[in-house]
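K.L.:
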Amino acid sequence: MTSAPRKIVIIGGGVAGLCAGVYAQLCGYPALILEQHSIPGGLATSWERGGYTFETCLHWFLGSSPTGALGAQWREVFDVDRLRFVQEAEYQRIETEDGRSLIVYADVDRMEAELLRAAPEDSDEIKAFAAAIRQSADFPMDEMSAAWPRRAMAMLRLLPKLPLLQRWSGISAADYGRRFKNDLLRRLFTDGAAADMAAIALVFMFAWMTQRNAGYAIGGAKAIIDPIAERFRALGGELRLMTQVKEILVEDDAAVGVELSSGEIIRADWVISGADGRATIYDMLHGEYCNEAIDTFYERQKVFPSYLQVSLGVARDLSREPGFVARMLSTPLRIDPETELKTLSVRFFHFDPTFAPKGKTAVTCFLPTFNYRYWVDLHRTDPAKYEDEKRRIAEAVIAVLERRLPGIRQSIEVTDVSTPATVVRFTGNWKGSMEGFLPTPDTGFAPRRQTLPGLDRFLMVGQWVHPGGGLPSGLMTARAALQAICRREHAPFLLAASARDPRADAA
Ligand SMILES: Cc1cc2nc3c(=O)[nH]c(=O)nc-3n(C[C@H](O)[C@H](O)[C@H](O)COP(=O)(O)OP(=O)(O)OC[C@H]3O[C@@H](n4cnc5c(N)ncnc54)[C@H](O)[C@@H]3O)c2cc1C
Numbered sequence: 001m002t003s004a005p006r007k008i009v010i011i012g013g014g015v016a017g018l019c020a021g022v023y024a025q026l027c028g029y030p031a032l033i034l035e036q037h038s039i040p041g042g043l044a045t046s047w048e049r050g051g052y053t054f055e056t057c058l059h060w061f062l063g064s065s066p067t068g069a070l071g072a073q074w075r076e077v078f079d080v081d082r083l084r085f086v087q088e089a090e091y092q093r094i095e096t097e098d099g100r101s102l103i104v105y106a107d108v109d110r111m112e113a114e115l116l117r118a119a120p121e122d123s124d125e126i127k128a129f130a131a132a133i134r135q136s137a138d139f140p141m142d143e144m145s146a147a148w149p150r151r152a153m154a155m156l157r158l159l160p161k162l163p164l165l166q167r168w169s170g171i172s173a174a175d176y177g178r179r180f181k182n183d184l185l186r187r188l189f190t191d192g193a194a195a196d197m198a199a200i201a202l203v204f205m206f207a208w209m210t211q212r213n214a215g216y217a218i219g220g221a222k223a224i225i226d227p228i229a230e231r232f233r234a235l236g237g238e239l240r241l242m243t244q245v246k247e248i249l250v251e252d253d254a255a256v257g258v259e260l261s262s263g264e265i266i267r268a269d270w271v272i273s274g275a276d277g278r279a280t281i282y283d284m285l286h287g288e289y290c291n292e293a294i295d296t297f298y299e300r301q302k303v304f305p306s307y308l309q310v311s312l313g314v315a316r317d318l319s320r321e322p323g324f325v326a327r328m329l330s331t332p333l334r335i336d337p338e339t340e341l342k343t344l345s346v347r348f349f350h351f352d353p354t355f356a357p358k359g360k361t362a363v364t365c366f367l368p369t370f371n372y373r374y375w376v377d378l379h380r381t382d383p384a385k386y387e388d389e390k391r392r393i394a395e396a397v398i399a400v401l402e403r404r405l406p407g408i409r410q411s412i413e414v415t416d417v418s419t420p421a422t423v424v425r426f427t428g429n430w431k432g433s434m435e436g437f438l439p440t441p442d443t444g445f446a447p448r449r450q451t452l453p454g455l456d457r458f459l460m461v462g463q464w465v466h467p468g469g470g471l472p473s474g475l476m477t478a479r480a481a482l483q484a485i486c487r488r489e490h491a492p493f494l495l496a497a498s499a500r501d502p503r504a505d506a507a
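Going by the numbering used here, the residue at position 479 of the sequence shown is 479; the numbering climbs one at a time, nothing skipped.
1. Quick check: is any heavy atom of ligand 1 less than 7 angstroms from the C-beta of H59?
2. For the candidate residues R231, Q73, T53, whose alpha-carbon lies nearest to that of L62?
3. So, helix, strand or coil for W208, using DSSP?
4. For I265, count neighbouring C-beta atoms within 10 Å of its own C-beta (all shown protein chains included) and say buried if the count is 16 or more, exposed if not.
5. Taking 7 angstroms as the cut-off, is the beta-carbon of P11 closer than that to any non-hydrogen atom of ligand 1?
6. What do you reckon, is the C-beta of D276 under 7 angstroms from a heavy atom of ligand 1?
7. Thinking C-beta only, is S411 closer than 8 angstroms to V254?
8. Strictly by DSSP, which residues pair up with S319?
9. If we call anything under 8 angstroms between Cβ atoms a contact, is G21 one with N213?
10. With distances taken between CB atoms, is the gap from L83 to A217 smaller than 8 angstroms?
11. Run the proximity test for G287: is its beta-carbon closer than 7 angstroms to any non-hydrogen atom belonging to ligand 1?
12. Measure the alpha-carbon distance for V9 versus P441 and round it to whole angstroms.
13. Given the structure, does N429 come close to ligand 1, in the sense that its CB is under 7 angstroms from one of the ligand's heavy atoms?
14. Say yes only if the C-beta of P467 is nearer than 7 angstroms to one or more non-hydrogen atoms of ligand 1, and no if none qualify.
15. Can you give the Cα-Cα distance for G454 and M460, rounded to whole angstroms?
16. Which residue comes first and which comes last in the beta strand (DSSP E) that contains Y282?
17. Using alpha carbons as the reference points, say which of R75, Y105, R100 lies closest to Q87.
18. So is D109 buried or exposed if we call it buried at 16+ other beta carbons inside 10 Å?
19. Between F324, V363, T354, L367, which lies nearest to T339 when the distance is taken from Cα to Cα?
20. Where does V15 land, buried or exposed, given buried means 16+ other C-beta within 10 angstroms?
21. Go through its chain and collect everything with a Cβ distance to C290's Cβ below 6 angstroms, but skip five positions before and after it.
22. Cβ of F458 within 7 angstroms of any heavy atom in ligand 1?
23. Between the Cα of H511 and those of I11, E55, G50, Y176, spot the shortest distance and give me the residue it belongs to.
24. Hey, would you say the C-beta of L202 is under 7 angstroms away from at least one heavy atom of ligand 1?
25. Report yes if the CB atom of D324 is closer than 8 angstroms to the CB atom of Y91, and no otherwise.
26. Considering Cα atoms alone, identify which of V271, R409, E413, V424 is closest to R373.
27. With a Cβ-Cβ cutoff of 8 angstroms, do L475 and A396 count as a contact?
28. Mind checking whether the beta-carbon of V424 lies closer than 7 angstroms to any heavy atom of ligand 1?
29. Which same chain residues, not among the five before or five after Y386, have their C-beta less than 7 angstroms away from its C-beta?
30. For E292, count neighbouring C-beta atoms within 10 Å of its own C-beta (all shown protein chains included) and say buried if the count is 16 or more, exposed if not.
31. What first and last residue would you give for the beta strand (DSSP E) that runs through D416?
32. Hey, quick one: how far does the alpha helix (DSSP H) through V509 stretch, first residue to last?
33. Use the C-beta contact count for K222: other C-beta atoms within 10 angstroms, 16 or more gives buried, fewer gives exposed.
34. At which residues does the beta strand (DSSP E) containing R327 begin and terminate?
35. Cutting at 8 angstroms between CB atoms, please list the residues of its own chain near A506, excluding the five before and the five after it.
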């Protein structure tokens, strides 16, 4: 490295931008994170209303096992061992409005036994699904976005598993689900927000849950984001909030800094974007550094949906309810002109005592939609109708809950509705997507290039370069970005000894 420290500017203070900031500081690069919102976290967030906290992101934190490889990577960035994890025995309860239900356990042995009992007509497929989960137990996910020699070694170790991977990557969850005769079980695969996703994603999810490597962290996403932001600051990094980047500045085909919406110019030796992929490539860089493959991918590749969230503060102890319910509706719920939901996903957050006063419960309902445009336009052009629509949907959701838990309506003391317009406004994500590109049977989970053709000293991190998204995509792409910068600058990666134990910084 040269004697003058090389400065890195990072666009976006979501999990990816924050992790990139920590790695930059650890490697000796002064980093400045620019975040447009008033708090860091991006999609990994929650909000407080009337004494309740409403979580939007965290279902499971991949890397929660103290012995897993991904946990070790998280430990480089923050003190993950301080988190308290809950591993709910039930992953999901699937219910009908006429009183039938199916328990889907998180542990594969329990799950298989219960599904075989409840749906003996599907025994062959249940056993095949459970076998795939067991075989995926040691899949080295954390190494898939590592530098090529490590990735190549991981691929070699994976060779015996290739038939398994091919079988489950080549079919979407929805197509796979149609093989089941039991209608409740079929819904586990066909009804989720990401039914077009390759079925292998579900196999992995259950494998991680079985290994107790996908726990829920008490405090939700904020319990993860806040310590990463604190670590970044403790290492000397600067996080500027309410600071929106308008343009990435380029000289001689190398990124040299950014221009803010305020007109301020900030120069840097490297620019990393952890902001939305489409906005980065086509707005901040005016589409000048892409190629046909990138254009085609952005035109054609499916993304995870956007969503509305109806959040309720209920003055009632709901700890006897399952944590996560998929309620199959007798009458579909119309969300917007293009969207009708046949299932309502409900989370009863009784397992997180930090989210509601004692004896009360925070409840959230997730309503996916691909029609983000309707909500964004309505918010802009007709605020009164936008508010009416939010009220209509809250009322419809409460009516569903009232049928399940008679009298709940009287106990609701807080109602909050967010829409795709909220997601777009606060995170800038393309189409209000909750998780970036869908890993479909065509694309799989293969990470995308973090560089852009012809542009030097620039890298992308986060969910838009890692189909499948999720918090680990931020960690892994941030790590890979700093490895690439260190390689290029002939500097050692993870220079600071404190990288091995974040608590060393606090001492
Ligand atoms: C409902 C829901 C459930 C989820 N469940 C899980 C789960 O259980 N487990 C899991 O691992 N993941 C989950 N995820 C996914 C996970 O939250 C995301 O994939 C991850 O947080 C994305 O992080 P990111 O940093 O790549 O992007 P983002 O979070 O989108 O961060 C990008 C940041 O850049 C900022 N930004 C954008 N443009 C600009 C600009 N021009 N200037 C300055 N700043 C800018 C934004 O404000 C934002 O803060 C869930 C997401 C949702 C919505």
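Glycine included, C-beta positions come from ideal geometry on N, C-alpha and C. Note that the structure is a prediction, hence the values are computed from the model and not measured.
P.N.:
To lay it out plainly:
1. It does: the Cβ of H59 is within 7 angstroms (strictly closer) of some heavy atom of ligand 1.
2. The option with the nearest alpha carbon to L62 is Q73.
3. In the displayed model, W208 falls within a helix according to three-state DSSP.
4. I265 is exposed by the Cβ-count criterion.
5. At residue 11 the sequence reads Ile, which differs from the Pro that was named. Shortest gap from the CB of I11 to any heavy atom of ligand 1: under 7 angstroms.
6. With a threshold of 7 angstroms, the Cβ atom of D276 counts as near ligand 1, since some heavy atom of the ligand is closer than that.
7. Note that residue 254 corresponds to Ala in the displayed sequence, not to Val. No, they are not a contact pair.
8. Under DSSP, no beta-bridge partner is assigned to S319.
9. In terms of Cβ geometry, G21 and N213 do not form a close pair [threshold 8 angstroms].
10. The Cβ-Cβ distance between L83 and A217 falls below 8 angstroms.
11. The answer is no for G287.
12. Their backbone Cα atoms lie some 35 angstroms apart in a straight line.
13. Yes, ligand 1 has a heavy atom inside 7 angstroms of this Cβ.
14. Every heavy atom of ligand 1 is 7 angstroms or more from the Cβ of P467, so no.
15. The alpha-carbon atoms of G454 and M460 are separated by roughly 14 angstroms.
16. For Y282, there is no enclosing beta strand (DSSP E), as DSSP marks it with neither H nor E.
17. Residue Y105 is the option with its Cα nearest to Q87.
18. By the C-beta density criterion, D109 is exposed, having fewer than 16 other C-beta atoms within 10 angstroms.
19. Distance check between T339 and each of F324, V363, T354, L367 places L367 closest, using alpha-carbon atoms only.
20. Burial call: buried.
21. Answer for C290: I281, listed in chain order.
22. Relative to ligand 1, even the nearest heavy atom lies 7 angstroms or more away from the CB of F458.
23. One cannot answer for residue 511 here, as it falls past the ends of the chain, which runs 1 to 507.
24. Because no heavy atom of ligand 1 lies under 7 angstroms away, the Cβ of L202 does not count as near it: no.
25. Here residue 324 is Phe; the residue named in the question, Asp, does not match the sequence. Remark: C-beta atoms of F324 and Y91 approach each other more closely than 8 angstroms.
26. Minimum Cα distance to R373 is reached at V424.
27. L475 places its beta carbon 8 angstroms or farther from that of A396.
28. The answer is no for V424.
29. If you ignore the 5 residues before and after Y386, its C-beta comes within less than 7 angstroms of the C-beta of L378, H379, all in its own chain and listed in chain order.
30. It is exposed - the Cβ of E292 has fewer than 16 other Cβ atoms within 10 Å.
31. For D416, the enclosing beta strand (DSSP E) has its first and last residue at 412–418.
32. Summary: the structure shown does not reach residue 509, with the chain confined to residues 1 through 507, and so no result is reported for it.
33. K222 is buried by the Cβ-count criterion.
34. Per DSSP, R327 belongs to the beta strand (DSSP E) from 324–336.
35. The predicted model places A506 with a pLDDT of 45, which falls under 50 and marks its position as unreliable; any figure quoted below should be read in that light. Hits under 8 angstroms: A234.
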